[in-house]
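Count along the sequence shown from 1, add 19, and you get the number used in this note's numbering.
From the three backbone atoms N, C-alpha and C, an ideal C-beta is built for every residue, glycine too.
Note that this is a predicted model, so its numbers are computed, not measured.
Notes follow once the structure below has been shown.
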Amino acid sequence: MKKRQLIGKDNLIIAICYAILIIPMLYSMFYAVPNGDDFSMATGRENSLGYWHDLWSTSVYFYFYRGGTTFAYFMHSFLNPLNLHIHLGHLYGIYMMVWFGISTVIYLYSLKVIIAYVIPDISEKMLKVTRLIVIAVMFSTFYYSEVYNWYVGMCSYLLPNMMLFLFFAFLIKYVQDDKKKDYILMMATGIYASNHIMWDIPLGLFFLYVVYYKPGFDVKDIKRNLKKAIPLFVFILFGLSGVLAPGNYVRQTQYTNENWPSVHRMILQVLIDVAERTYRIIVDHPFTVLLLLMLVIIGAVSNADKRQKVTNPIFVFILGMIASCGCLFPYIFARGFTNTYVDVRVQYPMDYFIELTLCITAILIGRAVAYKLDLVITDMTQIATCAFLGLFAYACVINNYGYMNIVQVDVLKSRGLITGGYNLWDGILTEIENSSERNVVIDRDYNVTWSPYFLYSGLDDGVSYDDGPEVVYSTEHIMPNVYYQKDSIELHIPEAK
C-alpha cells in the first residue's frame, strides 16, 4: 500500500513557481523605509490628545480638506506602523511584506473564482496552472514601489484594489449560489471599494455584466430588475459620498491653472494613457506576451471537447478597457493632466485592470477558436504547441534579452541599490531620532542611484521641514519634524547620480 503524499508533484512545482515570483518582491519590501505621508498621518504627535482623538479628528479633517475616500484616510492612521513611535528598522519592511502576503492570498482566492467563472467545469489542475499564469502577469510585468514599499500608498491603492477583487469573487458566488453569506460579503467589500473613486466604474461594469448581461434578463420584469439593482444603488451612494466630499474641491485647487483643459481633452488623455500602457505591456514585456499565449492555448484546450459558446472576446476586451479608463479618469480629471505621466501608485490599479482584461480576453480567444474549429488534441499537436512556445521564448525572451524586463530578474540585478538605499535612509532617520537638538541638520556626502525597487523617505536636499505641531497636513511637503517632535529638520545631500 502506497503512502499518501503530503504534496503532489504538480503542487510542488506550482509552489516553487510562486516562490520564484514572490520572494524577490519580498526582498525589495524588506528594505522599505517610512516615507512621505506616513509621518503626517501617524498618531501620537507632540500635542496629541490621545490615539482615538487623533484618529477621528484627522479622518474628519481629511474628508473636508483632502478628499472623500473616508475608509482610506481612516486606515492611514488606524494601523500606521509609525504609531509605535520606535525605530522600526526592518520592521517597517516586514509590515509591508505582511500586507503584500494578505493581498496575494486574496488575489489567489478571487482569481480562482473568476477563472472558474470564465472556464466552466475547469479541472482543479488546470485552474491552478491558469491562476499561476495570471498572477505571473500581474507580478512580473511591473513593480509598484509606491504601493508595495509605502504604508500610506498601500492603504490608498492596494487595500481598495484587493477589496474590489474580493467583491468580484463574492458577487460571482452569490449570483451562482444565492447564499446570504456571499451577499453580505459582496456588499461589505463592494462598499469599501466603491468609496474609493478610482474603483467605481470597474465595480459598476462588473456588476452589470455578472448580474444582468451574462445570465440575461427580462426587460419587462421591472420589479425584479430593480430588486437585483439594490446593491448597485448602495455602491453608487458610497461612491457619491467620495466624489462629492468637500475635500475633493479643496484639493483640486492645488492643481488649478489658467489653462485648465476641457473634459473632452481629459477624456482623450485617458484613452491615450490606457492605449499607451497596453502597448508598452505588449511591446516591452515579451515574457508577459508568452504568458498570454499560454492562456490562449489553455482556453482552446479547455473548450476543445465540449465546444461551448463563449462571450465575444472583443466585447470583453472593450468592457475591460472601459473599466481601465474609468479607473484612470478621476486621477486625470483631478490633476488636469494632458500628458502621459501617471504616478506609479496610480499605474497599479490601472495596470491590474489592463492585465486582467488581457488575460481573460486571451482565454476567451482560445475558447472561441475551439468553439469555431473542431480541434483535436493529439500527441503531435501537444508537441507542436510546446515547440512553438519554446521557439517564441527563445527568440523574444532569451535571445532578445527580454528576460531583463521581468521584475524578479531586475530586482536581483538591483539588490545592491536596494540595500544601499535602505542603509542610507535608515541611517538618516536614526540620526534624526537620536538627535537631542530641536533644529536638526543632517549632512551626507553621498547619495544612491534611483531604483524602481526602493522608495526613499521623501526629504529633499536643503528643504527646511518646519511645520508646527498644530498643522494636521501640509500640501507643500511632508512632515517628519512633526512626527519626530522637532522644530525643524534639514537634510543636505548631493543629487543622486
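(1) In three-state terms, what does DSSP make of VAL320?
(2) Taking just the CA atoms, how far does LEU309 sit from VAL9?
(3) Suppose the cutoff is 6 Å on Cβ atoms and the five residues either side in sequence are ignored; what does the same chain contact list for MET116 look like?
(4) Which residue from THR88, TRP218, PHE306, GLY266 puts its Cα closest to that of MET157?
(5) Compute the beta-carbon to beta-carbon distance between MET205 and PHE186, rounded to the nearest angstrom, for a pair I have assumed lies under 8 Å.
(6) Taking just the CA atoms, how far does ALA188 sit from ILE133?
(7) So what does ILE461 bridge to, in DSSP terms?
(8) Flag this pair as yes or no: are the beta carbons of VAL52 and TYR441 separated by less than 8 Å?
(9) Alpha carbons only, please: which of ILE396, MET285, GLN273, GLN271 is nearest the one belonging to ILE317?
(10) HIS215: buried (16+ other C-beta within 10 angstroms of its C-beta) or exposed?
(11) Helix, strand or coil: which one does DSSP assign to SER493?
(12) Is the closest heavy atom of the ligand GTP to the C-beta of PRO250 under 7 Å?
(13) Do LEU314 and ALA381 have their beta-carbon atoms positioned less than 8 Å apart in this structure?
(14) Is TYR228 helix, strand or coil when you go by DSSP?
(15) Determine the direct distance from the alpha carbon of THR400 to that of ALA323, and round the result to whole angstroms.
(16) Let me confirm a value: MET94 is counted as buried when at least 16 other C-beta atoms fall within 10 Å, else exposed. Which label applies?
(17) Should SER159 and LEU287 be called a contact, given that it needs their Cβ atoms to be closer than 8 Å?
(18) Mind checking whether ASN66 and PRO488 have CB atoms under 8 Å apart?
(19) Quick one: is ASN418 buried, meaning 16 or more other Cβ sit within 10 Å of its Cβ, or exposed?
(20) Grouping DSSP H, G and I as helix and E and B as strand, with all else coil, what is TYR484?
(21) Pairing CB atoms from the region 69-78 with CB atoms from the region 188-198, are three or more of them under 8 Å?
(22) Once you ignore the five residues that flank LEU74 on each side, which residues in its own chain have a CB closer than 8 Å to its CB?
(23) What's the gap between the Cα of GLY87 and the Cα of ILE121?
(24) Could you check which residue in LEU259, VAL153, PHE372, CYS36 has the C-alpha nearest to that of PHE336?
(25) Indicate whether PRO7 and GLY355 have their beta-carbon atoms separated by less than 8 Å.
(26) Got a sec? Which residues, its chain only, sit under 6 Å from ASP362 by beta carbon, not counting five neighbours each side?
(27) By alpha-carbon positions, which one of ILE32, SER59, ILE35 ends up nearest to THR1?
(28) Taking buried to mean at least 16 other C-beta atoms within 10 Å of its own C-beta, is GLY409 buried or exposed?
(29) What ranges does the alpha helix (DSSP H) occupy inside the region 401-437, keeping only unbroken runs of at least 4 residues that lie completely in it?
(30) Would the region 470-479 and the region 158-172 be scored as touching if the rule is three or more Cβ pairs under 8 Å?
(31) Measure the C-alpha to C-alpha separation of ALA403 and ILE255 and round it to an integer number of angstroms.
(32) Leaving out the 5 sequence neighbours to the left and right, which residues in its chain are closer than 8 Å to LEU224 when beta-carbon positions are compared?
(33) How about ILE461 and GLU452: are their beta carbons less than 8 Å apart?
(34) Considering only residues of the same chain and omitting the five flanking positions on each side of LEU478, which have a CB-CB separation below 6 Å?
(35) Please report the distance separating the alpha-carbon of PHE334 from that of VAL124.
(36) Classify THR149 as buried or exposed, calling it buried when 16 or more other Cβ atoms lie within 10 Å of its own Cβ.
According to the structure data:
(1) helix
(2) Only positions 20 to 516 of the chain appear in this structure, which leaves residue 9 out of reach.
(3) Here the set comprises LEU45, MET48.
(4) PHE306
(5) 6 Å
(6) 6 Å
(7) LEU510
(8) yes
(9) ILE396
(10) buried
(11) coil
(12) This structure does not include the ligand GTP; it has no bound ligands of any sort.
(13) yes
(14) helix
(15) Cα-Cα distance, rounded: 13 Å.
(16) Buried, by the Cβ-count rule.
(17) no
(18) Pairing ASN66 with PRO488 gives a Cβ-Cβ distance under 8 Å.
(19) Flag for ASN418 reads exposed.
(20) strand
(21) Contact fails: fewer than three Cβ-Cβ distances are below 8 Å.
(22) THR62, PHE93, SER96, PHE97
(23) 25 Å
(24) Of LEU259, VAL153, PHE372, CYS36, the residue nearest in Cα terms is PHE372.
(25) Shown here, the chain extends from 20 to 516; a query on residue 7 therefore has no answer.
(26) none
(27) This structure cannot settle anything about residue 1, because the visible part of the chain is limited to 20 through 516.
(28) exposed
(29) 426-432
(30) yes
(31) 50 Å
(32) Contacts found: LEU338, ILE341, ALA342, GLY345.
(33) no
(34) LEU510
(35) 29 Å
(36) buried
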